[in-house]
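Comments concern the structure below.
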Amino acid sequence: MKTFTIVTVTPDHAEHLISMIHELAEFEKMKSSVVNTADRLRKDIENKAVHGFIAFDGEEPAGMNLYYYAYSTWVGQYLHMEDLYIRPQFRRMGLARSLWKKLAELARDKGIVRLEWAVLDWNTNAIALYDTVDYVNLTKSEGWYTFRMDGTAIKKFADE
1 MKTFTIVTVT PDHAEHLISM IHELAEFEKM KSSVVNTADR LRKDIENKAV
51 HGFIAFDGEE PAGMNLYYYA YSTWVGQYLH MEDLYIRPQF RRMGLARSLW
101 KKLAELARDK GIVRLEWAVL DWNTNAIALY DTVDYVNLTK SEGWYTFRMD
151 GTAIKKFADE
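Counting from 1, one number per residue, gives the positions in the sequence shown under UniProt numbering.
Printed below as a string of structure tokens:
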């Protein structure tokens, strides 16, 4: 199995990360949805709004796992895995699981008892990876749906 170097994301990784974010958006058929920039991402990393791990094959970025801290009134602070992405040439080498496991180890070490993420229903490879561990599909088991407002909807609602 190939060996990758996995490090904690720093602001210096913003260019690599934004490139992979664009690749992920294209893979998810949502390329035009990305409005984030490397500069904004750099600032967000500096401000600890987003955290993550980035994997390298030598000097080449191979994948990333971006996450943020969220809060539940039921369990306290938890982690939300925002993006787990492996570049196509590095898939099927165990890297996704390694990056995901780094996040689980972080949660365990910090005493965090919840890790959440979302996946597109057609992304069968990702779902197959997630199916290798214990988790609960909240939509199926508890009937939870996730909703989102974009900037236009926020403004319309706020301006009522």
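Cβ coordinates follow ideal geometry from the N, Cα and C atoms, glycine included.
CA nearest to the CA of residue i, picked from the options
i: A107; options: R42, Y67, S33; result: Y67
i: D131; options: W74, W100, M64; result: W100
i: R87; options: W117, G76, I54, E116; result: I54
i: P11; options: L41, L115, K2; result: L41
i: T3; options: D57, N125, Q77; result: D57
i: A128; options: R148, R97, G143; result: R97
i: V133; options: L120, M149, S141, A104; result: A104
i: V50; options: P61, E59, A38; result: A38
i: A25; options: V75, L120, E160, T73; result: L120
i: R91; options: F147, T8, K102, P61; result: P61
i: K102; options: T124, G52, F147, N36; result: G52
i: T8; options: M30, M93, K48; result: K48
i: D150; options: S33, E142, F27; result: S33
i: T5; options: E59, G143, Y135, A126; result: E59
Coil, strand or helix - residue i by DSSP
i: E26; result: helix
i: D121; result: coil
i: D83; result: strand
Extent of the continuous alpha helix (DSSP H) to which residue i belongs
i: T132; result: Looking at the DSSP string, T132 is not in any alpha helix (DSSP H), and its letter there is neither H nor E.
i: L115; result: That residue, L115, is in no alpha helix (DSSP H); its beta strand (DSSP E) goes 115-117.
i: K110; result: 95-110
i: K156; result: 151-158
Start and end residues, beta strand (DSSP E) containing residue i
i: T139; result: Per DSSP, T139 belongs to no beta strand (DSSP E); it is in the alpha helix (DSSP H), 138-141.
i: T8; result: 5-8
Rounded Cβ spacing between residue i and residue j (contact assumed at less than 8 Å)
i: L79; j: L115; result: 5 Å
i: I21; j: D83; result: 7 Å
i: M81; j: W122; result: Not confirmed; about 19 Å, so no contact.
i: I112; j: Q77; result: 6 Å
i: M64; j: L17; result: 6 Å
i: Y69; j: E23; result: Y69 to E23, Cβ: 25 Å. No contact.
Report the residue ranges of all beta strand (DSSP E) runs contained in full by the stretch 43-76; include only those spanning at least 3 residues, in chain order. 51-57, 60-72
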